[in-house]
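Number of protein chains: 2
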Amino acid sequence: MKKPPRRPMTLRDVSEASGVSEMTVSRVLRNKGDVSPATRTKVQAAAKRLGYVPNRIAGSLASSHVNLVAVIIPSLKNMVFPEVLSGISDALDATELQPVFGVTEYRPDKEEQVLFEMLSWRPAGIIIAGLEHSDPSRAMLAQADVPVVEIMDTDGDPIDACVGISHRRAGREMAEAIIAAGYRRIGFMGTQMPLDHRARKRFEGFTHTLARSGIEIADRDFYAGGSALIKGREMTQAMLNRHPDLDFLYYSNDMIGAGGLMYLLDRGIDIPGQIGLAGFNGVELLAGLPRRLATMDACRFEIGHRAARIIADRVAGREGDGDVVQLTPRIDFGDTLIRG
Amino acid sequence: MKKPPRRPMTLRDVSEASGVSEMTVSRVLRNKGDVSPATRTKVQAAAKRLGYVPNRIAGSLASSHVNLVAVIIPSLKNMVFPEVLSGISDALDATELQPVFGVTEYRPDKEEQVLFEMLSWRPAGIIIAGLEHSDPSRAMLAQADVPVVEIMDTDGDPIDACVGISHRRAGREMAEAIIAAGYRRIGFMGTQMPLDHRARKRFEGFTHTLARSGIEIADRDFYAGGSALIKGREMTQAMLNRHPDLDFLYYSNDMIGAGGLMYLLDRGIDIPGQIGLAGFNGVELLAGLPRRLATMDACRFEIGHRAARIIADRVAGREGDGDVVQLTPRIDFGDTLIRG
DNA sequence: TTGAAAGCGCTAACAG
DNA sequence: CTGTTAGCGCTTTCAA
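One line per chain: the protein sequences are A and U, in this order. For the first sequence, position 99 matches number 99 in the UniProt record's numbering, and the numbering has no gaps at all. For the second sequence, position 221 matches number 221 in the UniProt record's numbering, and the numbering has no gaps at all.
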C-alpha cells in the first residue's frame with residue numbers, strides 16, 4: 001500500500017471539475033455574492049465529489065481576516081479552566097470564530113512565548129487569564145490591535161476589556177460572613193503558588209478584612225502537588241494539632257476544603273458548631289458530599305461565555321455590553337458556615 | 001484616545017529599519033541559513049525594537065508547512081479530556097508544534113464540522129478521540145494526508161495510528177475480578193450516552209464476561225446531566241430499593257461510584273463485605289475519600305502524551321514506536337472490591 | 001553570505 | 001451574475 005504523493009487540492013481543481021471560474025467557485029463556497037442557483041449547484045456537487053477542503057491559510061492571507069480567537073490560560077489541570085473554555089467554546093459556537101488554546105503553567109516567560117506564538121497567527125481576538133503580565137506581554141497585547149479580554153479577575157487595570165470577579169472582594173465577603181457567624185479563631189489553607197495572583201488577592205482581601213475587626217489569622221498553611229482531597233485532610237489534621245482551639249477553617253479551593261470536611265466528619269467533630277468551614281469555587285462536582293461545603297462560585301462558565309461574546313461582538317462591529325464586566329459571586333452557605 | 005489605524009507590521013518594516021534585505025531578515029528570524037553575526041545582531045535588534053511578530057499565515061502559505069496539530073475531543077466537561085489535553089500539550093512543548101482544540105459534544109455531525117474547520121488550516125497532524133466516525137469524517141481524515149492518531153480506544157480499525165486502551169477488555173477484566181472475588185448479584189450504573197462508544201464497549205465486555213460465567217446483570221440504570229456525585233447516591237439508593245439482594249455495583253465512572261460509596265457508608269452498609277463497588281477512570285481527584293473506590297486507570301495523560309509524540313515523530317521524519325499503542329490499565333482494587 | 005524573482009492558494013476590487 | 005487582475009506577507013529557488 002503505497003501513498004502516491006497527492007498534490008493538495010485547490011480551488012482550481014474544483015473550478016476545472018465544474019467548468020466554473022475559480023472566483024465563482026470561491027463565492028459559492030463562501031456563500032458570498034450572488035451566484036445563480038444553477039452554477040451554485042454545479043460547484044457544490046463538484047466540491048463535494050472531490051472532497052475539497054478550502055485552504056484557510058491562503059484565504060486568510062488574501063482577505064486578512066482570521067476566524068481564530070486565541071485563549072491563554074495557566075493550566076488545564078485545575079478544573080476551573082476547562083469550565084472557562086467550555087463557556088468560550090459554547091459562546092463561539094454561534095459564530096464563525098474558533099478558539100485556539102495555549103497553556104502557560106502560570107509562568108510569565110511561557111505566557112510571553114505562547115502569546116507570541118498565537119499572535120503570529122493574527123487572531124481576531126485574544127482572551128487571556130489574569131491582569132498581571134510581563135512588560136513584553138503587555139506590549140504585545142497592546143500592539144496586537146485586536147480585542148483583548150482579560151478574564152477571571154477584575155482587580156487591576158485591564159489593557160482593553162475584562163470579565164471576572166473581584167477576588168479581593170471575594171476574600172473580604174467571606175471574612176465578613178465568617179465574622180458575622182461569630183467565628184474568631186481562624187485558620188487558612190491554600191496552594192503554594194506565588195504566581196497565582198487570584199488566590200493571593202483572595203487571601204489579602206480576607207486577612208485585611210479580618211484585621212479591620214481586630215482578628216488575625218491564627219494559622220496558615222500552603223501545599224503543592226498531590227491530591228487535593230488528601231492534602232486537605234492532612235493539612236487540616238496538622239493545623240488542628242498545632243491549634244486545637246481553631247473554630248473556622250478557610251480553604252482556598254473546594255477540593256482541599258472537602259478533604260478537610262471529610263477529616264472532621266471522621267473525627268466526629270461538630271460542623272459548623274465546633275468548627276466552621278468554607279472553600280472557594282463552587283465546584284458543582286462536590287454536590288453530594290455528606291455536608292454541603294460553604295463556598296463562593298467563581299462564575300467560571302459565565303466568565304468564558306461573556307468574554308467570548310465580547311470578542312464576537314467586537315468582531316461583528318457591535319459594541320457589546322461594555323468593556324469591564326464584574327460578576328458578583330455570592331456566598332453559598334451550604335451546611336458549614338452558619339451555626340444553627 | 002484615538003486608535004490610529006496602524007498598518008500591520010511586515011518583514012519589510014524590519015528590513016527597512018535594519019537596512020538588510022527582507023530575505024535575510026527572514027533568515028535571521030527563522031535561524032535558517034548562514035547569516036553573518038553582524039547582520040544577525042542588527043536584524044534582531046530592529047525586530048525587537050519594533051516589536052515585530054512574524055505573520056505565520058503568510059509564512060505557512062509560502063512554505064506549505066504548518067506547525068498546528070488539530071485535537072478533536074468530545075467534551076471539556078468530563079475531566080478525562082482535559083487530562084488528555086494536558087498530556088498532548090506537555091509532549092508538544094518540546095517541539096515547534098502547537099495544539100489546536102475542537103470539541104464535538106459527542107455529536108458526529110459536529111465532529112464533521114469541527115474536522116472540516118480544522119483541516120482547512122492544513123494542520124501537520126490530527127489527534128481525534130475514538131475510532132467511530134461518520135463516513136464523511138473518515139473520508140476527510142484519509143484524504144488529509146497527514147498523520148492521524150485516534151485516541152482513547154483500541155477496539156476497532158484505526159485509519160492510521162492509534163493510542164488507547166481496550167475498553168472491552170477493561171470491562172472484561174473488571175467482570176473477572178468481581179467474579180473471582182465471589183460476587184454474584186451485580187448491578188450496573190452509567191451515563192445515558194448512546195454515542196459514548198467507549199462506555200458502551202466497557203459495558204459489553206462486562207456483560208459478556210459475566211454471561212460466560214452464567215451471570216446476568218441483575219439491574220442497570222443510566223443517568224444524564226446533574227452532579228455525578230448526587231446521581232450516584234440517588235441511583236444507588238433506587239437500585240437497592242429495587243434489588244436489596246445485590247452484592248456488587250459497577251459504575252461506569254468514578255464520580256457516580258463515589259456518590260454510591262458515600263450513600264452506602266451513610267447507611268452503614270458493610271463494604272466490601274455486604275456490597276462491593278467499582279468505578280472506572282482512576283480519578284486521582286478522589287483519593288482521600290473514606291474508602292478508596294476500586295477502579296481502573298484510563299491512562300489519560302499518557303494517551304495524550306504518546307499520541308502527541310507519534311505526531312511529532314512523524315513530522316520530524318522519525319518513525320516512532322509503532323502505530324498502534326495499546327496501553328494496559330490494571331485494576332486498582334482500592335478498599336471496595338476484595339473482601340477480606 | 002546576500003539578494004532578486006517568482007510564487008504559495010486564495011479573495012478584494014473592478015470590469016463586463 | 002461572472003470573470004480578470006492584482007496582490008496578501010512570506011519563503012523557495014536561484015543567481016551573484
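Heads up, the beta-carbon is just placed ideally off N, CA and C, and yes, glycines get one too.
> Which residue spans inside the region 107-186 of chain A form an unbroken beta strand (DSSP E) run of at least 3?
Replying inline: 125-129, 148-153 and 161-165
>> So that I know if they touch, is there some Cβ in chain A lying closer than 9 Å to that of residue 281(U)?
In response: Looking up residue 281(U) in the second sequence gives position 281. So no, residue 281(U) is outside the interface.
> Would you say residue 70(U) and residue 126(U) are within 9 Å of each other, going by their C-beta atoms?
Replying inline: Sequence index remark: in the second sequence, residue 70(U) carries index 70 (1-based). Sequence index remark: in the second sequence, residue 126(U) carries index 126 (1-based). Yes.
> Near residue 3(U), which residues of its chain fall below 7 Å by C-beta distance, leaving aside the five closest residues on each side in sequence?
Replying inline: Along the second sequence, one-based indexing puts residue 3(U) at 3. The predicted model places residue 3(U) with a pLDDT of 46, which falls under 50 and marks its position as unreliable; any figure quoted below should be read in that light. Counting only Cβ-Cβ distances below 7 Å, and skipping sequence neighbours, we find nothing.
>> Check whether the region 285-298 of chain A and the region 318-338 of chain A touch, using three or more Cβ-Cβ pairs below 8 Å as the test.
In response: yes
>> Taking DSSP's pairing of strands, which residues face residue 219(U) in a bridge?
In response: Here residue 219(U) refers to the residue found at position 219 of the second sequence. DSSP output for residue 219(U) lists 187(U) as bridge partner(s).
>> With a threshold of 6 Å on Cβ separation, who are the neighbours of residue 236(A) within its own chain once the five nearest residues in sequence on each side are excluded?
In response: Counting from one through the first sequence, the residue named residue 236(A) turns up at place 236. Closer than 6 Å at the Cβ level, and outside the excluded window around residue 236(A), lie 260 and 263.
>> Quick check on this structure: which residue in 99(U), 21(U) and 231(U) has the alpha carbon closest to the alpha carbon of residue 307(U)?
In response: Mapped onto the second sequence, residue 307(U) falls at position 307. Checked all of 99(U), 21(U) and 231(U); the closest Cα to residue 307(U) is 99(U).
>> If the cut-off is 7 Å on Cβ atoms, which residues from the UniProt domain "HTH lacI-type" (9-63) of chain U count as contacting chain A, listed in chain order?
In response: 51, 53, 54, 55, 56, 57, 58, 60 and 61
>> Considering only the alpha carbon of each residue, which of 161(A), 32(A) and 253(A) lies closest to residue 323(A)?
In response: Here residue 323(A) refers to the residue found at position 323 of the first sequence. If we check each option's Cα against that of residue 323(A), 161(A) comes out closest.
> Could one say the Cβ of residue 259(A) lies closer than 9 Å to chain U's Cβ atoms, at least one of them?
Replying inline: Within the first sequence, the letter at position 259 stands for residue 259(A). So yes, residue 259(A) belongs to the interface.
> Given a threshold of 16 other Cβ atoms within 10 Å of its Cβ, counted over all protein chains shown, does residue 254(U) qualify as buried or as exposed?
Replying inline: For the purposes of this step, residue 254(U) is taken as the residue at position 254 of the second sequence. Answer is buried; the Cβ neighbour count reaches 16.
> What are the start and end residues of each continuous alpha helix (DSSP H) run of 4 or more residues lying completely inside the region 216-296 of chain U, in chain order?
Replying inline: 228-242 and 254-266
> Between residue 355(A) and residue 246(A), is the Cβ-Cβ spacing less than 9 Å?
Replying inline: With chain A represented from 1 up to 340, any question about residue 355(A) goes unanswered, as that position is not in the structure.
>> Let me check you understand the geometry: is the CB of residue 6(U) closer than 8 Å to at least one non-hydrogen atom of the ligand PLP?
In response: Looking for the ligand PLP in the displayed structure turns up nothing, as the structure carries no ligands at all.
> For the candidate residues 152(U), 226(U) and 268(U), whose alpha-carbon lies nearest to that of residue 325(U)?
Replying inline: The sequence position of residue 325(U) within the second sequence is 325, counting from 1. It is 152(U).
> Pick from 202(U), 22(U), 248(U) and 58(U): whose alpha carbon is nearest that of residue 280(U)?
Replying inline: For the purposes of this step, residue 280(U) is taken as the residue at position 280 of the second sequence. Of the listed residues, the one whose Cα sits closest to residue 280(U) is 202(U).
>> Cutting at 6 Å between CB atoms, please list the residues of its own chain near residue 179(U), excluding the five before and the five after it.
In response: Stepping through the second sequence from its first residue, residue 179(U) is reached at position 179. Only 213 meet the Cβ criterion.
> To which residues of the same chain is residue 225(A) closer than 6 Å at the C-beta, ignoring the five residues directly before and after it?
Replying inline: As a working note, residue 225(A) is residue 225 in the first sequence. The answer is none, since no qualifying residue turns up.
> So with Cβ pairs under 9 Å, would you call residue 74(U) a contact of chain A?
Replying inline: For the purposes of this step, residue 74(U) is identified with residue 74 of the second sequence, where counting begins at 1. Closer than 9 Å: no.
>> Cutting at 6 Å between CB atoms, please list the residues of its own chain near residue 187(U), excluding the five before and the five after it.
In response: Walking along the second sequence from the start, residue 187(U) turns up at place 187. Once the five neighbours on either side are set aside, the close Cβ partners of residue 187(U) are 218, 219, 239, 246 and 249.
>> Starting from residue 205(A), trace the beta strand (DSSP E) in both directions and tell me its first and last residue.
In response: Taking the first sequence and counting its residues from 1, the one referred to as residue 205(A) is at position 205. Not the beta strand (DSSP E): residue 205(A) falls in the alpha helix (DSSP H), residues 197-212.
> Is the region 166-179 of chain A close to the region 132-143 of chain A, with three or more CB pairs under 8 Å?
Replying inline: no
> What does a CB cutoff of less than 8 Å around residue 12(U) pick up in its chain, not counting 5 residues either side in sequence?
Replying inline: Within the second sequence, the letter at position 12 stands for residue 12(U). These residues qualify, in order along the chain: 22.
>> So, with DSSP's three-state summary, where would you put residue 80(A)?
In response: Residue mapping note: residue 80(A) aligns to position 80 of the first sequence, counting from 1. The answer is helix: DSSP assigns residue 80(A) an H, G or I state.
> If you measure from the beta carbon of residue 284(A) to each beta carbon in chain U, is any gap under 9 Å?
Replying inline: Here residue 284(A) refers to the residue found at position 284 of the first sequence. Yes, contact with chain U.
> residue 67(U) and residue 75(U): beta carbons closer than 9 Å?
Replying inline: Within the second sequence, numbered from 1, the residue matching residue 67(U) stands at position 67. Within the second sequence, numbered from 1, the residue matching residue 75(U) stands at position 75. No.
> Taking 9 Å as the CB-CB cut-off, is residue 77(U) touching chain A?
Replying inline: Position 77 of the second sequence, counted from the start, is the residue given in the question as residue 77(U). So, interface residue.
>> Classify residue 1(A): buried if its beta carbon has 16 or more other beta carbons within 10 angstroms, exposed otherwise.
In response: Position 1 of the first sequence, counted from the start, is the residue given in the question as residue 1(A). Only weak support is given to the placement of residue 1(A): the predicted model assigns it a pLDDT of 39, under 50, and the value that follows is read from those uncertain coordinates. Residue 1(A) is exposed by the Cβ-count criterion.
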